[in-house]
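For the sequence shown, position 41 matches number 41 in UniProt numbering, and the numbering has no gaps at all.
Just so you know, even glycine gets a beta-carbon here, dropped at the ideal spot from N, CA and C.
The model shown is predicted, which means the values in this text are computed figures rather than measured ones.
Working notes, beginning with the structure itself.
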Amino acid sequence: YVGQGNITEEDLPKRTAMTQLILDKYNEEIQLITKELARAVGRILFSTDLWSDNNLCSFMAITAHYIIRDES
């Protein structure tokens with residue numbers, strides 16, 4: 001198993017630290033997506049899909065369709 005029993009309390013991030021890491025990554029990704037969509041030529045089309053699994057756990061997907069300028 002991971003750590004072979006050598007993992008200490010200090011090796012694992014605290015709940016608040018993990019929460020902050022997740023929020024920081026989320027904000028970073030939102031900025032990247034916003035910059036990408038700003039390069040779209042014309043309109044951005046969104047499509048959605050909703051479904052549930054056998055246990056009736058619901059899911060929703062949102063997909064953005066767009067064309068960007070090739071800046072290379």
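Which residue comes first and which comes last in the beta strand (DSSP E) that contains residue 37? Element bounds for residue 37: not the beta strand (DSSP E) but the alpha helix (DSSP H), 15 to 38.
When you compare only the Cα positions, how much space is there between residue 8 and residue 25? Each residue's alpha carbon lies about 25 Å from the other.
Excluding five sequence neighbours on each side, which residues of the same chain lie with their C-beta closer than 6 Å to the C-beta of residue 58? The beta carbon of residue 58 sits closer than 6 Å to those of 52, all from its chain and outside the five residues before and after it, given in chain order.
Are the CB atoms of residue 67 and residue 46 nearer to each other than 8 Å? Pairing residue 67 with residue 46 gives a Cβ-Cβ distance that is not under 8 Å.
Residue 31 to residue 69, Cα distance in whole Å? The C-alpha of residue 69 is placed about 18 Å away from the C-alpha of residue 31.
Using only CA atoms, which one of 72, 71, 65 lies nearest to residue 33? Just measuring C-alpha positions, the residue of 72, 71, 65 sitting nearest residue 33 is 65.
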